[in-house]
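With the numbering used here, the residue at position 117 of the sequence shown is 122, and numbering never jumps.
Below you'll find the structure, written out as structure tokens, and then a few comments.
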Amino acid sequence: MKGSGSFAFEKDSLALLRAALERLEAGFASLPASPTSFLAPDSQAVERVLCEVAQRLHDNFPYFHPLYAGQMLKPPHPVARLAYALAQWINPNNHALDGGRASSAMEKEAVAEIAGMFGWKTHLGHLCSGGTMANLEALWVASRLRPGANVVASQQAHYTHQRIAGVLGLNFESIPCDGRGRMDVARLGACLAQGGVGTVVATIGTTATGSVDPLPELLDLRARHGFHLHADAAYGGYFCLVDNLATETQRAYERLGEVDSLVIDPHKHGLQPYGCGCVLFRDPGVGRFYKHDSPYTYFSSAELHLGEISLECSRPGAAAVALWATQRLLPLVKGGEFARGLMGGRDAALDLHEKLRTDERFLTGFAPELDIVVWVPRAESVSAASPRSRWLFTEAARRNLHLALAELPADFFDLAGAGMKRDRDTITCLRSVLMKPEHRDWMERIWEILIESAEAQG
Ligand SMILES: *Cc1c(COP(=O)(O)O)cnc(C)c1O
Numbered sequence: 006m007k008g009s010g011s012f013a014f015e016k017d018s019l020a021l022l023r024a025a026l027e028r029l030e031a032g033f034a035s036l037p038a039s040p041t042s043f044l045a046p047d048s049q050a051v052e053r054v055l056c057e058v059a060q061r062l063h064d065n066f067p068y069f070h071p072l073y074a075g076q077m078l079k080p081p082h083p084v085a086r087l088a089y090a091l092a093q094w095i096n097p098n099n100h101a102l103d104g105g106r107a108s109s110a111m112e113k114e115a116v117a118e119i120a121g122m123f124g125w126k127t128h129l130g131h132l133c134s135g136g137t138m139a140n141l142e143a144l145w146v147a148s149r150l151r152p153g154a155n156v157v158a159s160q161q162a163h164y165t166h167q168r169i170a171g172v173l174g175l176n177f178e179s180i181p182c183d184g185r186g187r188m189d190v191a192r193l194g195a196c197l198a199q200g201g202v203g204t205v206v207a208t209i210g211t212t213a214t215g216s217v218d219p220l221p222e223l224l225d226l227r228a229r230h231g232f233h234l235h236a237d238a239a240y241g242g243y244f245c246l247v248d249n250l251a252t253e254t255q256r257a258y259e260r261l262g263e264v265d266s267l268v269i270d271p272h273k274h275g276l277q278p279y280g281c282g283c284v285l286f287r288d289p290g291v292g293r294f295y296k297h298d299s300p301y302t303y304f305s306s307a308e309l310h311l312g313e314i315s316l317e318c319s320r321p322g323a324a325a326v327a328l329w330a331t332q333r334l335l336p337l338v339k340g341g342e343f344a345r346g347l348m349g350g351r352d353a354a355l356d357l358h359e360k361l362r363t364d365e366r367f368l369t370g371f372a373p374e375l376d377i378v379v380w381v382p383r384a385e386s387v388s389a390a391s392p393r394s395r396w397l398f399t400e401a402a403r404r405n406l407h408l409a410l411a412e413l414p415a416d417f418f419d420l421a422g423a424g425m426k427r428d429r430d431t432i433t434c435l436r437s438v439l440m441k442p443e444h445r446d447w448m449e450r451i452w453e454i455l456i457e458s459a460e461a462q463g
């Protein structure tokens with residue numbers, strides 16, 4: 006198969022892991038030999054199990070391939086994979102410095118670099134298992150600052166905000182969106198006028214469409230009403246580094262550093278394996294809410310232990326090591342290689358949107374703000390278009406092009422302009438998250454398959 010144009014995983018980096026492992030081992034050369042550290046596993050048995058695992062893993066969509074253009078899935082960078090694996094020989098726990106001294110230092114450095122992207126010179130923050138946990142922590146701190154007050158987020162905010170509010174025992178209210186999937190500021194204003202709101206969640210890149218809530222207007226409202234403004238930038242946070250956003254979106258990013266707390270997911274766009282979210286607070290003083298005096302944890306120095314400012318106890322030091330290594334190789338700067346990678350996906354999204362917009366078989370909504378495109382096949386009505394979306398999804402998948410489906414408000418599309426009857430409030434759309442830089446170069450191929458699939462549908 007190899008050489009015939011078929012896909013192959015990059016494997017050369019395995020040799021780099023061996024070299025790095027030897028360097029790591031050299032650091033512990035003064036330890037007396039220990040029989041257990043030399044105990045080799047039964048290699049034949051391990052190989053048998055691993056091959057069985059590989060076999061089982063075939064039953065996955067090919068997330069790493071450019072023809073996977075469906076959900077938010079992006080392969081980790083090889084350096085992240087290797088650094089994570091290397092750290093496994095130590096398996097540090099970033100709860101306390103006793104469990105992971107070097108990896109805790111690397112976490113603090115990597116997190117400070119992320120905070121630096123938003124212009125924060127001081128902050129309080131750490132890594133956690135993902136965006137959900139990070140948002141839980143941000144809303145928990147917000148609720149300590151304004152006890153008993155309500156949380157509001159847009160109807161397109163991540164579904165977990167409502168659930169998190171439930172866990173924290175807070176009332177939750179969702180604010181309708183405009184025709185572009187962004188929080189409707191007038192509706193938020195009306196809600197604030199009624200009082201009782203403690204926290205407003207601004208989604209900076211919604212999960213469904215990558216829409217960016219109008220942050221400058223939300224900051225104006227905060228000046229008037231004094232709520233905790235939390236930015237859920239789990240998906241979109243890294244786009245503050247790119248130069249190819251629309252002016253209005255750009256304006257929101259320019260002011261992102263003015264929010265009170267912020268969540269960003271290195272395991273979404275930051276090239277990390279799963280298990281890497283990040284929560285940041287602009288005021289380091291919120292650290293007081295985390296105070297605990299666990300009898301199990303013996304904090305061995307006066308230096309900050311990350312377990313003192315985190316809701317979770319044990320956390321993987323390996324995730325911090327992987328993130329640190331990735332940012333060392335690909336610094337979080339405008340114009341850098343990492344930023345150019347994000348711009349590649351965004352260019353691909355603009356390209357796909359334009360192809361769809363000018364093709365009479367399809368109907369697009371608003372232009373993508375980030376790198377997510379949604380569209381529907383044209384039909385006489387909303388109820389007729391939805392099954393066609395599902396059909397096209399299946400036809401494309403049969404040709405190895407993997408898209409996603411989303412149930413969205415019908416008002417995201419100019420139905421009247423397209424002569425489509427609005428006989429339902431929501432419409433099943435096709436959705437493509439173009440997260441990989443390679444998507445730009447693969448767009449012609451993607452388009453070819455899409456057209457072929459649409460023609461098979463008739
Ligand atoms: C993905 C996402 C989340 C949830 O993050 P997880 O890492 O999946 O827990 C929250 N908010 C937004 C906007 C997201 O895109």
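Just so it is clear, CB atoms sit at the ideal spot from N, CA and C, and this is done for glycine as well.
This one's a predicted model, so the numbers in the text were calculated from it and none came from an experiment.
- Contact between the region 170–179 and the region 234–241 is absent: fewer than three C-beta pairs spanning the two stretches fall below 8 Å.
- DSSP, read as helix, strand or coil, puts W380 in strand.
- Judged by their CB atoms, Y73 and H407 are nearer to each other than the 7 Å cut-off.
- Contact between the region 342–352 and the region 127–137 is absent: fewer than 3 CB-CB pairs across the two stretches fall below 8 Å.
- With respect to the C-alpha of P67, the residue from M448, Q462, N405 having the closest C-alpha is N405.
- Taken from the Cβ of A239, at least one heavy atom of ligand 1 lies inside 6 Å.
- The criterion of a C-beta distance shorter than 7 Å is not satisfied by L413 and F398.
- Under the three-pair Cβ rule at 8 Å, the region 199–207 counts as touching the region 150–168.
- When DSSP states are grouped into helix, strand and coil, G242 belongs to the helix group.
- CA-CA distance, D356 to L175, rounds to 42 Å.
- Between C281 and L375, the beta carbon gap of about 20 Å keeps them out of contact (Cβ cut-off 8 Å).
- Secondary structure remark: continuous beta strand (DSSP E) runs of at least 3 residues inside the region 383–417, in chain order: 409–414.
- By the 16-neighbour rule on beta-carbons within 10 angstroms, Q161 is buried.
- Boundaries cannot be given for S134, as no beta strand (DSSP E) includes it and DSSP labels it neither H nor E.
- In this structure, K273 keeps its C-beta atom at 7 Å or more from the C-beta atom of M111.
- Under the 8 Å Cβ criterion, the region 379–393 counts as touching the region 414–429, having at least three qualifying pairs.
- With a threshold of 16 other beta carbon atoms within 10 Å, T252 falls short and is exposed.
- Secondary structure of A74 (DSSP, three-state): coil.
- Taking every protein chain shown into account, the CB of D352 has 16 or more other CB atoms within 10 angstroms, so this residue is buried.
- D237 is bridged by DSSP to T208, V268.
- In the structure shown, the three-state DSSP call for M122 is helix.
- In the three-state scheme derived from DSSP, where H, G and I count as helix and E and B as strand, G280 is classed as coil.
- In the DSSP assignment, V156 falls within the unbroken beta strand (DSSP E) covering 155–159.
- In this chain, the beta strand (DSSP E) harbouring L435 covers 431–438.
- For the pair L226 and E263, the CB atoms are not nearer than the 7 Å cut-off.
- Closest option to F12, judged by alpha-carbon separation, among S18, F69, L29: F69.
- Contact check for N99 against A325 passes: the beta carbons are separated by less than 7 Å.
- Under the three-state reduction of DSSP, L361 is assigned to helix.
- With a threshold of 6 Å, the Cβ atom of H163 counts as near ligand 1, since some heavy atom of the ligand is closer than that.
- From the listed residues R185, S179, G186, the smallest Cα separation to A195 is found for S179.
- The criterion of a C-beta distance shorter than 7 Å is satisfied by A354 and P373.
- At least 7 Å separates the beta-carbon of F286 from that of S315.
- Cβ-Cβ distances below 7 Å link V146 to S266, F286, V291, F294 in the same chain, with the five nearest sequence neighbours on each side left out; the list follows chain order.
- Annotation for T252: the continuous alpha helix (DSSP H) segment containing it runs 252–259.
- Judged by the Cβ position, D376 fails to qualify as a neighbour of ligand 1 at the 6 Å threshold, every heavy atom of the ligand being at least this far.
- Apart from the 5 residues on each side of it in sequence, A213 sits with its Cβ closer than 8 Å to the Cβ of Q161, G186, I377, V379, A411, L413, R436 in its chain, given in chain order.
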